[in-house]
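Asker:
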Amino acid sequence: MSDFKLVSPFKPAGDQPQAIKKLAEGLKKDFPIQTLLGVTGSGKTFTMAGVIEKYNRPTLVLAHNKTLAFQLYTELKEFFPENKVEFFISFYDYYQPESYLPSSDTYIEKDAKINPKIEQMRVKATTSLLTRSDTIVVASVSAIYSIGNPDSYSNMATEINNNMQISRRDLIIKLLNMQYERNDTELVPGRFRVKGSVIDIVPSYQDNYIRIIMRGDRIVGIHELSNPDMLKVAEFDDLTLFPAKHFVMEHDVIENGVEEIKADLEEWFPRLEEKNKLFAYRLKQRVKYDTEMISEMGYCNGIENYSRYFDGRKEGERPYCLIDFFPKDFLMIIDESHQSIPQLNAMYKGDRSRKETLVEYGFRLPSALDNRPLKFDEFKEFMHHVVCVSATPADYELERSSQVVEQIVRPTGLIDPVIEMHKSEGQMDHLLSEIQTAVGRGQRVLVTTITKRLAEDLTEYFANKGVKTRYLHSEIDSLERIEIIRQLRLGKFDVLVGINLLREGLDIPEVGLVAILDADKEGFLRNDKSLIQIIGRAARNVDAKVILYADRITDAITKTIKETNRRREIQIAYNKKYNITPKTIIKTVSDKEVTKLRDEKSLPSTEIPNLIVQLEADMKLASEELDFEKAIKLRDRIKFLQQKLK
């Protein structure tokens, strides 16, 4: 078994040593759930890494949004350069689920755009779990969604070795059965090409090529080639090739599955026909088309709705998901557990309601209900070695934890920021002055609002005052959010305006000011846990402060100030005892693993005209090159920007 090796120029400090020790001891004692109550900026991720190293088991780190997941993934890759650290989130850049609205008789077909890079990272994650014991997977809630049977995935893998007797034709058939696509002109992950006695494959879980050299019906060479320069970087005596996709099936499984689908249709059809003949006919036509496609191609659009038949599951049995690729003794870390656990709990109900309507009105067989995320009770069956991590843990984890370990003292000696109060009257002029002061010191600023409209208006207001500003909200996709945060850290702009997305996990040491507007508007965005989380965004900079704009002192504000002062007292006493001078956290901005994105959604209107000119030039070039699909997409983006200018 390979060991986890934590690599860092720093040693545990502050409360980290005792936290790592207590949590590791708890795991040895088989505590099912523990909680790390760690203040923002106390190095919770480093503590996680220390626990992972000591427990030395495959680890799943769950995050409640893609931005936080990517941040954790980046940090853990730096901590464990010799081990496998993988990333598993939804591979959809855009996803419109299949649905039916009975009130208007509107059927909405599934519409989705898959990000091939993220799809590759997902397959890489499961492949690493099957081949390496020293694997960490950082995942979003996608971890509880169906991805196919791990045994089927493993069984479909192909082992090849030097001197292996196999015809070129049989090897090609094996690759096709593993969902690899033959393309002799363009090689990307998940494809292969054939040139004479040479077969080049790009496994879906890596970028480099695998070259298989044949002589007659025998393999005489297995090489790994760099991409794109095709230089040999390794030779193998034997190699295991894993399938290109998670949903792969052997031929007999397909045949049996198709027969079961037809049998279920035969049973369900008369019951549906009694209710409505149109519904029954619609379902019959769809299933007939789908089963023909599956028989011929091994695939059809929406095949996931038939996954139960091909996974060997009975009606009502839970689906296989990422967690099934882990061994039984794996470590689960739930980051920002006060957010992540409620999210995990909510996934099943929303999915179920939509699919019940599709079944009732003849768009899907009842088996579609078994293509679903885990129920929370099913998820709890995996909670044997769990560490919940949060600055503000909820009652759920606190009540169920065998121990709660506090991490209040930061390694840097930083204390929680000073909180200032200001009336809402004149807040814009006051905030603008504070922003100019912070920017003058080379700091970044976070401003949090309670509505998207206010975020947009503030962005325009500050931009018109000469302040470089962007805004962040739920309509901006995950990769774009990552890029916007990166640009903030690099100083491409100075002020980031947001709503709820400024709460958990945004690790931005350059932030010297956090402004909270409408701090007295009670609700989940302004309860004490939310306020403490937002305040934590300023806890990585020694000169930082927080301003609450409010006209009254709510219970949430009172609790927030009381808890912040409690933590400050502990931190100040520790610094005094050990003669520590607080220092701002220094953290490099890592190279991107995401495609560079134009963040037109967050641009102020003053910058839009130049972008439109650029996009129009790109659209014209695409048309000249007969790439009409690209031209249409560019046209739609131009229309969006023109609407924004109005």
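Add 403 to a position in the sequence shown, counting from 1, and you land on the number used in the numbering used here. The beta carbon of each residue, even a glycine, is placed where N, CA and C say it ideally should be.
1. Terminal residues of the continuous alpha helix (DSSP H) containing E429?
2. For D433, count the other beta carbons within 10 Å of its own beta carbon; 16 or more makes it buried, fewer makes it exposed. Which is it?
3. Give me, in chain order, the residues of the same chain whose beta-carbon lies closer than 7 Å to that of K807; leave out the 5 immediate sequence neighbours on both sides.
4. Measuring only the C-alpha atoms, how far is T998 from P592?
5. Could you compute how far the alpha carbon of V651 sits from the alpha carbon of T795?
6. Based on the DSSP secondary-structure assignment, which residues constitute the bridge partners of Q437?
7. For T538, name the three-state secondary structure that DSSP assigns.
8. Quick check for students: name the residue ranges of the beta strand (DSSP E) that lie wholly in the segment 560-604, counting only runs of 3 or more.
9. Compare the C-alpha of V870 against each of G845, I853, T852 and name the closest.
10. In three-state DSSP terms, what is F491?
11. Are S502 and T760 touching if we call contact CB-CB under 9 Å?
12. If I measure Cβ to Cβ from D640 and keep anything under 8 Å in the same chain, skipping five residues before and after, which residues do I get?
13. Check whether the segment 571-579 touches the segment 545-553, counting contact only when three or more Cβ pairs, one atom from each stretch, lie closer than 8 Å.
14. Taking 9 Å as the cut-off, decide whether the C-beta atoms of V914 and N867 are in contact.
15. Cα-Cα, which of R571, Y608, I602 is closest to G619?
16. Can you give me the C-alpha to C-alpha distance between D418 and R716, rounded to a whole angstrom?
17. Excluding the 5 residues preceding and the 5 following M720 in the sequence, name in chain order all residues of the same chain whose CB lies nearer than 6 Å to its CB.
18. I need the DSSP call for Q609, collapsed to helix, strand or coil.
19. Could you check the C-alpha separation between G843 and A771 for me, to the nearest Å?
20. Do you know whose CA, among G765, I879, L951, lies nearest L834's CA?
21. Within this structure, are the beta carbons of E718 and D780 separated by less than 9 Å?
22. What number of angstroms, rounded off, separates the C-alpha of P985 from the C-alpha of R971?
23. Got a sec? Which residues, its chain only, sit under 6 Å from K408 by beta carbon, not counting five neighbours each side?
24. What are the uninterrupted segments assigned as beta strand (DSSP E) that are 3 or more residues long and contained completely in the segment 919-972, given in chain order?
25. Run through DSSP, which three-state label would D1039 get?
26. For S507, is the classification buried or exposed, using 16 other Cβ atoms within 10 angstroms of its Cβ as the cut-off for buried?
27. Which of the three DSSP states, helix, strand or coil, is assigned to G453?
28. From T450 to S743, what distance separates their C-alpha atoms?
29. Looking only at C-alpha atoms, which of T561, M735, M831 sits nearest to V790?
30. Take F645 as the anchor and find which of I511, P912, T529, I521 has the nearest alpha-carbon.
31. Look at the alpha carbon of A941 and the alpha carbon of L817, and state the distance between them as a whole number of angstroms.
32. When the distance is taken between beta carbons, is A472 closer than 9 Å to F494?
33. Nearest-angstrom Cα distance between K932 and S827?
34. Kindly give me the distance between the Cβ atoms of T872 and V917, rounded to whole angstroms, as I take these residues to be in contact under 8 Å.
35. N558 to I983, Cα distance in whole Å?
36. So T470 and I885 are in contact, right, with Cβ under 8 Å, and what is the actual spacing, rounded?
Answerer: Quick answer:
1. Note on residue identity: the sequence assigns Gly, not Glu, to residue 429. Where G429 is concerned, the enclosing alpha helix (DSSP H) stretches over 419-431.
2. Residue burial is scored here from C-beta neighbours: D433 has fewer than 16 other C-beta atoms within 10 angstroms and is therefore classed as exposed.
3. Going by the sequence as given, residue 807 is Val instead of Lys. Closer than 7 Å at the Cβ level, and outside the excluded window around V807, lie T438, L440, L801.
4. Per-residue confidence for T998 stands at a pLDDT of 36, beneath the threshold of 50, marking its modelled position as unreliable; the derived number appears in the next sentence. Each residue's alpha carbon lies about 16 Å from the other.
5. Going from the Cα of V651 to the Cα of T795 covers about 42 Å.
6. Paired residue(s): V790, Q806.
7. T538: strand per DSSP, three-state reduction.
8. DSSP runs (the beta strand (DSSP E)) wholly in the segment 560-604: 561-564, 594-598.
9. Among G845, I853, T852, the Cα nearest to that of V870 is on G845.
10. Of the three classes helix, strand and coil, the one that applies to F491 here is strand, per DSSP.
11. Cβ atoms of S502 and T760: closer than 9 Å.
12. Scanning its chain for C-beta atoms nearer than 8 Å, with the 5 sequence neighbours on each side dropped, one finds around D640 the residues N564, N565, I625, in chain order.
13. In short, these stretches do not touch, since the Cβ pair count stays below three.
14. Cβ distance not < 9 Å, so V914 and N867 don't count as in contact.
15. Residue R571 is the option with its Cα nearest to G619.
16. Going by the C-alpha atoms only, they are around 47 Å apart.
17. According to the sequence displayed, residue 720 carries Glu and not Met. Hits under 6 Å: none found.
18. In the three-state DSSP reduction, Q609 falls in the coil class, being neither helix nor strand.
19. So the two alpha carbons sit approximately 58 Å from each other.
20. Among G765, I879, L951, the Cα nearest to that of L834 belongs to L951.
21. Cβ distance not < 9 Å, so E718 and D780 don't count as in contact.
22. Their Cα atoms are separated by approximately 12 Å.
23. Hits under 6 Å: E485.
24. Fully enclosed beta strand (DSSP E) runs of 3 or longer: 948-952.
25. Correct three-state label for D1039: helix.
26. Under a 10 Å Cβ-count criterion, S507 is classified as exposed, with fewer than 16 other Cβ atoms of the shown protein chains found around its own Cβ.
27. G453: helix per DSSP, three-state reduction.
28. Each residue's alpha carbon lies about 19 Å from the other.
29. Among T561, M735, M831, the Cα nearest to that of V790 belongs to M735.
30. The residue with the shortest Cα to Cα distance from F645 is T529.
31. C-alpha separation (whole angstroms): 10 Å.
32. At a Cβ-Cβ threshold of 9 Å, F494 and A472 do not count as neighbours.
33. In this structure, the straight-line span from the alpha carbon of K932 to that of S827 is close to 22 Å.
34. Contact flag wrong, Cβ pair sits at about 15 Å.
35. Those two C-alpha atoms are separated by around 57 Å.
36. Yes, T470 and I885 are in contact; Cβ-Cβ is about 6 Å, under 8 Å.
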